[in-house]
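Before any comments, here is the structure.
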Amino acid sequence: MSAIQKPRGQWSSKIAFIFAAAGSAVGLGNIWRFPYVTGENGGGAFVFLYLLVIVLLGFPVMLLELSMGRASEKNPVGAFRVLRPGSPWVFVGFMGVLTGIAILSYYTVIAGWTIAYLIKSINMDLDPKAFGNFIADIPQQITYFLLFLLASVGVVAGGVKDGIERITRVLMPVLIGLMVLLIIRSVTLEGALSGLEFYLVPDFSKVSARTFIYAIGQGFFSLSLGMGAMITYGSYISKDDNLVSSGAYVCLFDTVIALMAGLIIFPALASAGQAPEAGFTLVFDVLISLFNQMPLGSFVAIIFFFLLSIAALTSTISLVEVATAYLVDERNLPRGSAVLIVAGVTAVLGIPCALSLGGSDFFTHLLPLGNGQYKSFLGIMDFVFGNMALSLGALLLCIFVVYSWKVSSAVKEISSGNPGFQRWAIYWLVALKYVAPLAIAAILIYMVVTGQTLS
Ligand code: TRP
5 MSAIQKPRGQ WSSKIAFIFA AAGSAVGLGN IWRFPYVTGE NGGGAFVFLY
55 LLVIVLLGFP VMLLELSMGR ASEKNPVGAF RVLRPGSPWV FVGFMGVLTG
105 IAILSYYTVI AGWTIAYLIK SINMDLDPKA FGNFIADIPQ QITYFLLFLL
155 ASVGVVAGGV KDGIERITRV LMPVLIGLMV LLIIRSVTLE GALSGLEFYL
205 VPDFSKVSAR TFIYAIGQGF FSLSLGMGAM ITYGSYISKD DNLVSSGAYV
255 CLFDTVIALM AGLIIFPALA SAGQAPEAGF TLVFDVLISL FNQMPLGSFV
305 AIIFFFLLSI AALTSTISLV EVATAYLVDE RNLPRGSAVL IVAGVTAVLG
355 IPCALSLGGS DFFTHLLPLG NGQYKSFLGI MDFVFGNMAL SLGALLLCIF
405 VVYSWKVSSA VKEISSGNPG FQRWAIYWLV ALKYVAPLAI AAILIYMVVT
455 GQTLS
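When you number the sequence shown by the numbering used here, it's gap-free, plus one each residue, and the end is 459.
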């Protein structure tokens, strides 16, 4: 299909957009990153802050990105060029494209684990103790990483409609159903209660500046905000659609799935007597032991890892799509070549990530933290791009809309398809002008000043 000669693709319906955007949002960010970041940051109090972030920062920025996308019908770089021609704002668009590729490079490594575990569960080879060896195994890590990357770029090369729409709609409800089953199993395990308590009862003495940093970063990461993914997805929405309700559904959907993931992980963790601060590897460890304690567990595991691979795939698709749309729209490359370039750059960046989980000592222990612990290459990428760059990107987007493009233009765009929005616009303005920028700027400045960025 020659996407460049055709008029710009559009979602076939409002529902198609919601599923595709929810597909982008729902992924490893919900099921892997949310529980492990919650575990590292004190449990219930973090969850409370996270929910505040979704309502006060996430949803307003979601609307912002969707309106920029639909108004410009462009990728993030093109959007700034159309909305403010000749201005230096286009730099923010470039930053978004680069951030997307950086996130893609390590996200795909973790996504590779889901395929590996799908295969392992088909082979009835689910051993929670083998996980450490698996992630340190260089050939396996690289193979699954490349496999997943290939799958993601393959789908995007097929074009927006053909590629993305089909997969997302059917499997999401099945994923939710399966997660409900896992929750039931998890909360009925012996000793599960203390895990629920850790997860749901806030202990505000555990809140520090770090808790805020991670809550904000996780909010943007999980909703796919701060680097233009939702600008790009918004560019395919029809002018008659209601951006407010579409955006709200995506936020709601994403948040419910993250909260459900926590309900699976923490009770099971407590029941196994493990500490919630285990970090990175926590989720896969816990899930595997959970499957081992379930009737028909290996069968459930097969379906679960299959769905998780698809959820991760619909997220990587959106990351590939941003850079691809940039190369197609702004550089006039054919879609196929654009996708190849994205794949090449991602592969180069992703290999050190794949080696940094024990495979290579150098990349695993790249940055000493001073307390005997180290940050790996992947850990640094996740912090710098998955957390800082997204927060900075969202901050700059707010400043752009308030001071350059003007909120009135954005409100006009949103009102097409939702005339009633005028009445709510003032709250949105407050969020974009004060709440989000002040919260994000305070955090970023604090991090730079105290230098406590990476611990
Ligand atoms: N939101 C996805 C997840 O939770 C990851 C993701 C996809 C993403 N596209 C993004 C994160 C764009 C930040 C920006 O798994």
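Note that CB positions come from ideal geometry on N, CA and C, so glycine has one too.
Open item on the list: Taking 7 Å as the cut-off, is the beta-carbon of Ile-107 closer than that to any non-hydrogen atom of ligand 1?
Closed with: Distance from the C-beta of Ile-107 to the nearest heavy atom of ligand 1 is below 7 Å.
Open item on the list: Applying the 10 Å Cβ sphere with the 16-neighbour rule, what's the burial state of Met-385?
Closed with: buried
Task: Spatially closest choice to Ile-119 from Phe-138, Ala-106 and Val-101, by CA coordinates - done: Phe-138
- [ ] Report back the beta-carbon spacing between Ser-71 and Leu-87 to the nearest angstrom; my notes put them in contact at under 8 Å.
- [x] About 10 Å; that fails the 8 Å criterion.
Task: Leu-153 CB to nearest heavy atom of ligand 1 below 7 Å - done: no
- [ ] Answer yes or no: the CB of Ser-226 versus the heavy atoms of ligand 1, is any distance below 7 Å?
- [x] yes
TODO: Flag this pair as yes or no: are the beta carbons of Leu-61 and Gly-223 separated by less than 8 Å?
DONE: yes
Open item on the list: Considering just the uninterrupted stretch of the alpha helix (DSSP H) at Glu-194, what are its terminal residues?
Closed with: Careful: Glu-194 lies outside any alpha helix (DSSP H) and carries neither H nor E.
Open item on the list: For a test of your reading of the model: does the CB of Asn-79 fall under 7 Å from any non-hydrogen atom of ligand 1? Yes or no.
Closed with: For Asn-79, the Cβ stays outside the 7 Å cut-off from all heavy atoms of ligand 1.
Open item on the list: Taking 7 Å as the cut-off, is the C-beta of Leu-399 nearer than that to any heavy atom in ligand 1?
Closed with: no
Task: Complete runs of the alpha helix (DSSP H) confined to the region 11-64 [at least 4 residues] - done: Qualifying alpha helix (DSSP H) stretches, in chain order: 18-29, 38-44 and 48-57.
Task: Residue range of the alpha helix (DSSP H) that includes Arg-88 - done: Unbroken run through Arg-88: none, as it is neither H nor E.
Open item on the list: Could you pull the DSSP bridge partners for Leu-371 from this structure?
Closed with: Lys-379
Open item on the list: Quick check: the Cα distance between Lys-379 and Leu-102, rounded to an integer number of angstroms?
Closed with: 22 Å
- [ ] Would you check if the region 232-250 and the region 199-213 touch, i.e. whether three or more CB-CB distances between them fall below 8 Å?
- [x] no
- [ ] Report yes or no: do the region 173-185 and the region 261-268 share at least 3 C-beta pairs separated by less than 8 Å?
- [x] yes
Task: Reference Phe-98; option with closest CA among Leu-433, Ala-351, Gln-426 and Leu-401 - done: The candidate whose alpha carbon is nearest that of Phe-98 is Leu-401.
- [ ] Provide the residue span of the alpha helix (DSSP H) that contains Met-392, from first to last.
- [x] From DSSP, Met-392 is part of no alpha helix (DSSP H); its letter is neither H nor E.
Task: For Ala-347, the nearest candidate out of Ile-447, Leu-153 and Ile-187 (CA to CA) - done: Cα-wise, what sits closest to Ala-347 is Leu-153.
TODO: Have a look at Asp-333 and Ile-447 and give me their C-alpha separation to the nearest angstrom.
DONE: When rounded, the distance between both Cα atoms is 35 Å.
Open item on the list: ligand 1 and Asn-127: does the residue's C-beta get closer than 7 Å to at least one heavy atom of that ligand?
Closed with: Checking the Cβ of Asn-127 against ligand 1 gives no.
TODO: Answer yes if the region 276-288 comes into contact with the region 38-47, meaning at least three C-beta pairs across the two stretches below 8 Å, and no otherwise.
DONE: yes
- [ ] Examine ligand 1 and report whether any of its heavy atoms sits within less than 7 Å of the Cβ of Leu-394.
- [x] yes
- [ ] From the DSSP output, in three-state form, read off Val-205 for me.
- [x] coil
- [ ] Using 7 Å as the cut-off, classify the Cβ of Met-264 as near or not near the heavy atoms of ligand 1, replying yes or no.
- [x] no
TODO: Below 7 Å CB to CB, which residues in the same chain sit around Val-164 once its five sequence neighbours on both sides are set aside?
DONE: Unreliable placement is indicated for Val-164, whose pLDDT of 49 sits below 50; the coordinate value is still reported in the next sentence. Answer for Val-164: Gly-13 and Tyr-240, listed in chain order.
TODO: Within its chain, find whatever has a CB closer than 8 Å to the CB of Leu-311; leave out the 5 residues flanking it on each side and keep chain order.
DONE: Contacts found: Leu-175, Val-178, Leu-179 and Leu-182.
- [ ] Would you tell me roughly how many angstroms separate the C-alpha atoms of Leu-108 and Thr-320, rounded to the nearest one?
- [x] 6 Å
Open item on the list: Which runs of the alpha helix (DSSP H) at least 4 residues long sit entirely within the region 207-270? Give them in chain order.
Closed with: 213-226 and 233-238
Task: Short Cβ contact (8 Å threshold) for Leu-247 with Ile-418 - done: With respect to Ile-418, Leu-247 sits close: the two C-beta atoms are nearer than 8 Å.
Open item on the list: Tell me which residues share the same chain as Cys-357 and place their Cβ nearer than 7 Å to its Cβ, disregarding the 5 neighbours each side in the sequence.
Closed with: Ser-109, Tyr-110, Val-113, Phe-381, Leu-382 and Met-385
TODO: State the DSSP-derived secondary structure class of Glu-417, mapped to helix, strand or coil.
DONE: helix
Open item on the list: Rounded to the nearest angstrom, what separates Ala-327 and Ser-16 at their Cα positions?
Closed with: Going from the Cα of Ala-327 to the Cα of Ser-16 covers about 22 Å.
Open item on the list: Below 7 Å, is the gap between the Cβ of Ala-233 and the nearest heavy atom of ligand 2?
Closed with: Ligand 2 is not among the ligands present in this structure, which contains only ligand 1.
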